[in-house]
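Here is the structure we will look at.
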Amino acid sequence: MAQREVVGRFAPSPSGRLHLGNLFCSLLAWLSAKQQGGRILLRIEDLDPARSKREYTDQLQRDLEFLGLDWDEGGCGAAGPHAPYEQSLRGPFYEQILSRLRRQGLVYPCFCSRAQLHAASAPHAADGEVVYPGTCRNLSEEEIRRRILLRDPALRLIVPDEEISFFDRHYGRCSQNLARECGDFILRRSDGVFAYQLAVVADDAAMGITEVVRGRDLLSSTPRQLYLYRLLGAAPPSFCHLPLLLAPDGRRLSKRDADLGLDALRARGFTAAGITGALAYTAGLLERPVPATPRQLLPLFRWDKIPKEDIPLPAGLFDGPPF
Ligand code: GLU
Numbered sequence: 020m021a022q023r024e025v026v027g028r029f030a031p032s033p034s035g036r037l038h039l040g041n042l043f044c045s046l047l048a049w050l051s052a053k054q055q056g057g058r059i060l061l062r063i064e065d066l067d068p069a070r071s072k073r074e075y076t077d078q079l080q081r082d083l084e085f086l087g088l089d090w091d092e093g094g095c096g097a098a099g100p101h102a103p104y105e106q107s108l109r110g111p112f113y114e115q116i117l118s119r120l121r122r123q124g125l126v127y128p129c130f131c132s133r134a135q136l137h138a139a140s141a142p143h144a145a146d147g148e149v150v151y152p153g154t155c156r157n158l159s160e161e162e163i164r165r166r167i168l169l170r171d172p173a174l175r176l177i178v179p180d181e182e183i184s185f186f187d188r189h190y191g192r193c194s195q196n197l198a199r200e201c202g203d204f205i206l207r208r209s210d211g212v213f214a215y216q217l218a219v220v221a222d223d224a225a226m227g228i229t230e231v232v233r234g235r236d237l238l239s240s241t242p243r244q245l246y247l248y249r250l251l252g253a254a255p256p257s258f259c260h261l262p263l264l265l266a267p268d269g270r271r272l273s274k275r276d277a278d279l280g281l282d283a284l285r286a287r288g289f290t291a292a293g294i295t296g297a298l299a300y301t302a303g304l305l306e307r308p309v310p311a312t313p314r315q316l317l318p319l320f321r322w323d324k325i326p327k328e329d330i331p332l333p334a335g336l337f338d339g340p341p342f
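Going by this note's numbering, the first residue of the sequence shown is number 20, and it counts up by one from there.
Rendered as structure tokens:
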């Protein structure tokens, strides 16, 4: 049987400048796809209008290009077989997906406020997420009609009391019982914005993505996404999660770490290859932090070189070019 062509993706959210952790994920997604002779698609995850800015979209495309992390399909305003590639323009498509789930009788309106949810349930021990206790699952039609006059509901998906297991290429066998560890989850927020879980599955499936490489912070979303693939009758991609990069003091990197952003690094004298080389060294692909382009790293890339634990950036490494 012919092997499926590998299609990986960059799926950045334009809610700030990309930080080194985002670039690290993009680099590894690129290396993995390209080493298998595959392609990369760029999708802009600008679902949330309050947090997304067009200037960040433009900037993140420039940042990826600057590092030599090119893509074969997609990007802002791009034509192509799966256009549009901005999630903010794909609302009608998500509506269709939502209708399919509704027809399966698995979607219900939820009127709980964030404050009520936090008060009502114990956080899930593993990652501090709240397990939704199913408060609105069995409201009568009449109750729904009454409440809808007072408040716009979110829409939730009923999940099964079942272990969903999968094999992560980096972390191995993982599993989660959705009913016990997550609860019915949101497909569309009360303000009408589609949830990440729905959009990412709908798009990865529609855009023919065969491999998802992303940070370990999304590992616990994967069982929810696999359940959606099942309901939609779509073949899931392979999943490969990555350790997170930590600031030298052990904090998770965030878009607020401006001194570790590309502009600051360039101002301190880093070239694109200097940054990529330092990232590859941090990831265990290079023995020393020497300049390297993504293409030069291709023959050196192997998943088993990448640590499983989160990776603190070596102190001083990004203070200035070491070479
Ligand atoms: N848009 C998400 C982010 O920037 C990534 C989603 C994904 O890779 O599934 O964190």
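Every residue gets a Cβ at the ideal spot worked out from N, C-alpha and C, and that includes glycine. Computed from a predicted model, the values in this text were never measured in an experiment.
Check, Outcome
"Glu162: first and last residue of the uninterrupted beta strand (DSSP E) it sits in", "No beta strand (DSSP E) contains Glu162, which is instead part of the alpha helix (DSSP H) from 160 to 167."
"Beta-carbon spacing of Ala373, Val220 below 8 Å", "Residue numbering for the chain in the displayed model covers 20 to 342; residue 373 lies beyond these limits and cannot be assessed."
"Cut-off 7 Å between Cβ atoms - residues of its own chain near Phe337, not counting five sequence neighbours on either side", "Leu279, Leu284, Ala297"
"Paired residues, beta bridge with Val26 - DSSP", "Arg58"
"C-beta contact flag for Cys95 and Cys129 at 8 Å", "no"
"One or two residues paired with Gly191 in a DSSP bridge", "Asp187"
"Those runs of the beta strand (DSSP E) which lie wholly inside the region 268 to 324 and span at least 3 residues", "none"
"Straight-line gap, Ala30 to Pro340 (C-alpha atoms, nearest Å)", "29 Å"
"Separation of Arg165 from Ile228, as counted between CA atoms", "42 Å"
"The region 68 to 82 in contact with the region 53 to 60 per 3-pair CB rule at 8 Å", "no"
"Ser32 beta carbon near the ligand GLU (any heavy atom closer than 7 Å)", "yes"
"CA-to-CA distance, Asp67 to Gln22, given in whole angstroms", "36 Å"
"For Ile116 and Leu305, the rounded distance between their alpha carbons", "43 Å"
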